[in-house]
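**Student:** Input: one structure, supplied below.
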Amino acid sequence: MKLSRREFVSTASYVAAASLCALPSFGITTSDSNARSSAGCTLLDLESNCALPESLAGMRAALGNAHLRVTHIALRSAESVVVVPAAGKVRAETFGAVADSIEHGSTVLWESGAAFLEPRDFAYQQDLARDHFAMSMETPIDVWSHSTSRAANVGGKNLGARNMRSIGHAQVPYVVYRWPREAHVRDFSRVIPVSAVNGRAIARWGEIPVAWRKRIGAGTLIFVGSPIGPALRAGDADAASLFCSLIRV
Amino acid sequence: MKKSIGDNMIPKGWQFERGLELVKKAGFDGIELWLGDVPWFTMDTTDAQVTELRRKVENAGLVVSNVSTGLHWETPLSSRDPNVRAKAIRIVEREIETAQLTGCDAILVVAGLVTQEVPYNEVYQRCVDAMKQLAPTAAKAKVKIGCENCCSEQRFLITPREFWTFLNEVDSPSVGIHLDVGNIHDTGFAEQWIEMHGPRITRIHLKDVMKKRGRCCDTVYTSLFIGDNNWPAIRAAIKKVNYDGWLIAEMEARYKYAQDQQFFDTAADIDRLIAGTL
Numbered sequence: 002m003k004l005s006r007r008e009f010v011s012t013a014s015y016v017a018a019a020s021l022c023a024l025p026s027f028g029i030t031t032s033d034s035n036a037r038s039s040a041g042c043t044l045l046d047l048e049s050n051c052a053l054p055e056s057l058a059g060m061r062a063a064l065g066n067a068h069l070r071v072t073h074i075a076l077r078s079a080e081s082v083v084v085v086p087a088a089g090k091v092r093a094e095t096f097g098a099v100a101d102s103i104e105h106g107s108t109v110l111w112e113s114g115a116a117f118l119e120p121r122d123f124a125y126q127q128d129l130a131r132d133h134f135a136m137s138m139e140t141p142i143d144v145w146s147h148s149t150s151r152a153a154n155v156g157g158k159n160l161g162a163r164n165m166r167s168i169g170h171a172q173v174p175y176v177v178y179r180w181p182r183e184a185h186v187r188d189f190s191r192v193i194p195v196s197a198v199n200g201r202a203i204a205r206w207g208e209i210p211v212a213w214r215k216r217i218g219a220g221t222l223i224f225v226g227s228p229i230g231p232a233l234r235a236g237d238a239d240a241a242s243l244f245c246s247l248i249r250v
Numbered sequence: 046m047k048k049s050i051g052d053n054m055i056p057k058g059w060q061f062e063r064g065l066e067l068v069k070k071a072g073f074d075g076i077e078l079w080l081g082d083v084p085w086f087t088m089d090t091t092d093a094q095v096t097e098l099r100r101k102v103e104n105a106g107l108v109v110s111n112v113s114t115g116l117h118w119e120t121p122l123s124s125r126d127p128n129v130r131a132k133a134i135r136i137v138e139r140e141i142e143t144a145q146l147t148g149c150d151a152i153l154v155v156a157g158l159v160t161q162e163v164p165y166n167e168v169y170q171r172c173v174d175a176m177k178q179l180a181p182t183a184a185k186a187k188v189k190i191g192c193e194n195c196c197s198e199q200r201f202l203i204t205p206r207e208f209w210t211f212l213n214e215v216d217s218p219s220v221g222i223h224l225d226v227g228n229i230h231d232t233g234f235a236e237q238w239i240e241m242h243g244p245r246i247t248r249i250h251l252k253d254v255m256k257k258r259g260r261c262c263d264t265v266y267t268s269l270f271i272g273d274n275n276w277p278a279i280r281a282a283i284k285k286v287n288y289d290g291w292l293i294a295e296m297e298a299r300y301k302y303a304q305d306q307q308f309f310d311t312a313a314d315i316d317r318l319i320a321g322t323l
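The structure is reproduced here in structure tokens:
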């Protein structure tokens, strides 16, 4: 059977990506970020500063054994791919180290979990994102605030039951990705509008950009303002496929 | 088997002691305390005050059958917001603490709320995680967590097999099912739930239900023996699985008049159920 070069490269890439995303999970844990990942992807565990531990769990499961889990990034390190799940109250030093890593050639998928922070803490994260990534994060939008389903959640058991029967059929507000592939991923209740002077939006909630991709030095930042990790944990196949595509590029 | 009724049934405006007197006089053996549903038992009630509640219960010749709460309808364990989930965990912890203080060994939890916003698979995972987190605390306190089957209202764990699978994944002898025979509505049969869950049943809530909805107005629930539950089958299933614990009246359809009479009528109905004279 003859394969064209295009077919071979395409198949090889697919196999590599599949190996990153389809195997049972037993990631390696280390606090030494200088240990190079032999498995293709570094997962930065922010520990208490990870706003959504379920996102970390979802991404670890999606990556399987093809990742190295670290708790900090050394300066001037250049990892191939770094994934940062649900960044919450991240310290300036961590922002700096990650920005430096991108400058030196890393591709970083930064998933923001800042939408659930107190306003003051969110404002500080806004400043850090602007200062270190030149990314603008706007005030989180409560996606379901006008949904009739909210009324059904209020009150006691019986009242809730009566209200639930009158729920309307509000359109599910998916976050729509156009890059690296088309995908519809459930919002995570609050989305952070994001933008930058350079780069481009890769996902929108309605017309509002909520994920962005830009070059920083020799590397690339992919900044996601609506978490994907929880969807991975919940078994969303579309989210899993999107996630694999994001870390493959 | 012993019979109990919720303190949230005590008529509005009555003091706790007056309510206890009625519960005892009506023939009940115990009282179910509802954390957050009644003025004398909230998240702000101190340990000393809870101990005092126990004293009043015992002075009235009753015991506390279990601690329940409806607070998770507004503060669900399955919320996407980690701050809300932390509050929800704290509520369960407080239930466990007050169960110990009041001398009972079971609590009720509404684990999980599926909505248009928060989908089933997310709710499922979060509830398994929450129960696994809380199980050691419950085990240490010698208190069992009973997840209640709110079925259609929660839109979660609607079938007995789902619930069985959920409990298998939690995998703790300290987490079981607080089985409500009325909440199943027209999605199944209470006696089958009882048969399937047997030793995992922590408590049983009693109410009747109109399965053919559309005939009644707003509520599907009604007094015992008026609705569509098969009470002889329910009793047979209880006997089959050797359940010998508390039967707790949760009468969501309340008498509009002579509210104290509902206590006497309900107690008498439960006596007939226990005796099998149906």
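Listed in order, the protein sequences are those of chains A and B. Our numbering applies: residue 2 is where the first sequence begins, and numbers increase by one. Our numbering applies: residue 46 is where the second sequence begins, and numbers increase by one. Backbone N, C-alpha and C define an ideal beta-carbon position, used for all residues, glycine too.
Go through its chain and collect everything with a Cβ distance to Ala135(A)'s Cβ below 6 Å, but skip five positions before and after it.
**Tutor:** The residues are Ala197.
**Student:** Opposite Met136(A) in the DSSP bridges: which residues?
**Tutor:** According to DSSP, Met136(A) bridges with Ala197(A).
**Student:** Expressed to the nearest angstrom, what Euclidean distance is found between the alpha-carbon atoms of Asp231(B) and Cys196(B)?
**Tutor:** Approximately 10 Å between the Cα atoms of the pair.
**Student:** Step through the CB atoms of chain A and report whether any lies within less than 8 Å of the CB of Asn274(B).
**Tutor:** Taking Cβ atoms only, chain A never reaches closer than 8 Å to Asn274(B), which makes this a no.
**Student:** How about Leu153(B) and Gln199(B): are their beta carbons less than 8 Å apart?
**Tutor:** No; because the gap between Cβ atoms is not below 8 Å, this pair is not in contact.
**Student:** Ala100(A) and Ala52(A) - do their beta-carbons sit closer together than 8 Å?
**Tutor:** No, they are not a contact pair.
**Student:** So what does DSSP say about Asp150(B), is it helix, strand or coil?
**Tutor:** It is coil, neither helix nor strand.
**Student:** Report buried or exposed for Arg37(A), applying the criterion of at least 16 other Cβ atoms within 10 angstroms of its Cβ.
**Tutor:** Legend: pLDDT at Arg37(A) = 39, less than 50; position of this residue unreliable, no value from coordinates given.
**Student:** Should Ala320(B) be labelled buried (16 or more other beta-carbon atoms within 10 Å of its own) or exposed?
**Tutor:** Label assigned to Ala320(B): exposed.
**Student:** Using a Cβ-Cβ cutoff of 7 Å, what residues of the region 221-243 of chain A are near chain B? List them in chain order.
**Tutor:** Residues Pro231, Arg234, Ala235 and Gly236.
**Student:** For the pair the region 122-138 of chain A and the region 80-96 of chain A, tell me if three or more CB-CB distances fall below 8 Å.
**Tutor:** Taking 8 Å as the limit for Cβ pairs, the verdict is that the region 80-96 of chain A does touch the region 122-138 of chain A.
**Student:** Starting from the Cα of Tyr178(A), find the closest Cα among Ile217(A), Gly65(A), Leu247(A) and Thr108(A) and give me that residue.
**Tutor:** Per the Cα distances, Leu247(A).
**Student:** Is the number of C-beta pairs between the region 237-245 of chain B and the region 177-188 of chain B that are closer than 8 Å three or more?
**Tutor:** No, the region 237-245 of chain B does not touch the region 177-188 of chain B.
**Student:** Give the range of the beta strand (DSSP E) segment to which Ala52(A) is assigned.
**Tutor:** Looking at the DSSP string, Ala52(A) is not in any beta strand (DSSP E), and its letter there is neither H nor E.
**Student:** Here's the rule: buried if 16 or more other CB atoms are within 10 angstroms of the residue's CB, otherwise exposed. What is Tyr302(B)?
**Tutor:** Exposed, by the Cβ-count rule.
**Student:** Using the C-alpha atoms, what's the distance from Glu66(B) back to Thr267(B)?
**Tutor:** When rounded, the distance between both Cα atoms is 24 Å.
**Student:** With DSSP collapsed to three states, give me the class of Gly81(B).
**Tutor:** Gly81(B): coil per DSSP, three-state reduction.
**Student:** Using a Cβ-Cβ cut-off of less than 7 Å, give me the residues of the region 114-148 of chain B that come near chain A, in sequence order.
**Tutor:** Listed by position along the chain: Gly115, Trp118, Glu119, Arg125, Asp126, Pro127 and Asn128.
**Student:** Looking only at its own chain, which residues have a Cβ that is under 8 Å from the Cβ of Ala88(A), when we skip the five neighbours before and after it?
**Tutor:** So the list reads Leu47, Asn50, Cys51, Ala52, Trp111, Glu112, Ser113, Gly114, Ala115 and Gln126, once near-sequence residues are dropped.
**Student:** Among Val173(A), Trp213(A), Pro194(A) and Val192(A), whose alpha-carbon lies nearest the alpha-carbon of Pro181(A)?
**Tutor:** Comparing Cα-Cα distances from Pro181(A) to each of Val173(A), Trp213(A), Pro194(A) and Val192(A), the minimum goes to Trp213(A).
**Student:** Which of the three DSSP states is assigned to Tyr125(A) in this structure?
**Tutor:** Helix at Tyr125(A).
**Student:** Take Asp314(B) and list the residues in its own chain whose beta-carbon comes closer than 8 Å to its own, dropping the five residues that flank it on each side.
**Tutor:** Excluding residues within five positions, the ones whose Cβ falls inside 8 Å are Ser268, Leu269 and Phe270.
**Student:** Starting from Ile210(A), follow its DSSP beta bridges and name the residues at the other end.
**Tutor:** Just to set this straight, residue 210(A) is Pro in the shown sequence, not Ile. According to DSSP, which records beta bridges pairwise, Pro210(A) is partnered with Arg205(A).
**Student:** Once the 5 residues before and after Gln233(A) are set aside, which same chain residues still bring their CB inside 7 Å of it?
**Tutor:** This sequence places Leu at residue 233(A); Gln is not what is there. Cβ neighbours of Leu233(A) beyond the five flanking positions: Gly59, Met60, Ala62, Ala63, Ala240, Ala241 and Phe244.
**Student:** Closest to Arg201(A) by C-alpha separation, out of Val85(A), Val211(A), Val192(A) and Val71(A), would be which residue?
**Tutor:** Comparing Cα-Cα distances from Arg201(A) to each of Val85(A), Val211(A), Val192(A) and Val71(A), the minimum goes to Val211(A).
**Student:** Any beta carbon of chain A sitting closer than 8 Å to that of Glu162(B)?
**Tutor:** Output row for Glu162(B): interface = yes.
**Student:** Any beta carbon of chain A sitting closer than 8 Å to that of Glu167(B)?
**Tutor:** So yes, Glu167(B) belongs to the interface.
**Student:** For Asp143(A) versus Ser81(A), is the C-beta distance shorter than 8 Å?
**Tutor:** In this structure, Ser81(A) does not lie closer than 8 Å to Asp143(A) by Cβ.
**Student:** Just the chain B side, please: which residues come within less than 8 Å of Leu53(A) by C-beta, in chain order?
**Tutor:** Those are Pro127, listed as they occur along chain B.
**Student:** Starting from the C-beta of Glu167(B), find all residues in its chain whose C-beta is less than 8 Å away, skip the five residues before and the five after it, and write them out in chain order.
**Tutor:** Taken in chain order, the residues that qualify are Ser123 and Arg125.
**Student:** Compute the Euclidean distance between the alpha carbons of His250(B) and His223(B), then round it to the nearest angstrom.
**Tutor:** If you take the alpha carbons of His250(B) and His223(B), they lie about 7 Å apart.
**Student:** Smallest Cα separation from Glu176(B): which of Asn111(B), Arg135(B) and Leu323(B)?
**Tutor:** The amino acid at residue 176(B) is misidentified as Glu; the sequence shows Met. Looking at the Cα atoms, Arg135(B) is the closest of the given residues.
**Student:** When DSSP labels each residue in this structure, what does Ser49(B) get in the three-state scheme?
**Tutor:** Strand, per DSSP.
**Student:** Give me the Cα-Cα distance between Thr87(B) and Gly65(A), rounded to the nearest whole angstrom.
**Tutor:** Cα to Cα, Thr87(B) sits roughly 45 Å from Gly65(A).
**Student:** Kindly say whether Gln170(B), judged by its beta-carbon, lies nearer than 8 Å to any beta-carbon of chain A.
**Tutor:** True, the Cβ-Cβ gap to chain A drops below 8 Å.
**Student:** Using the beta-carbon count (16 or more within 10 Å), is Trp118(B) buried or exposed?
**Tutor:** When all chains shown are included, Trp118(B) counts as buried.
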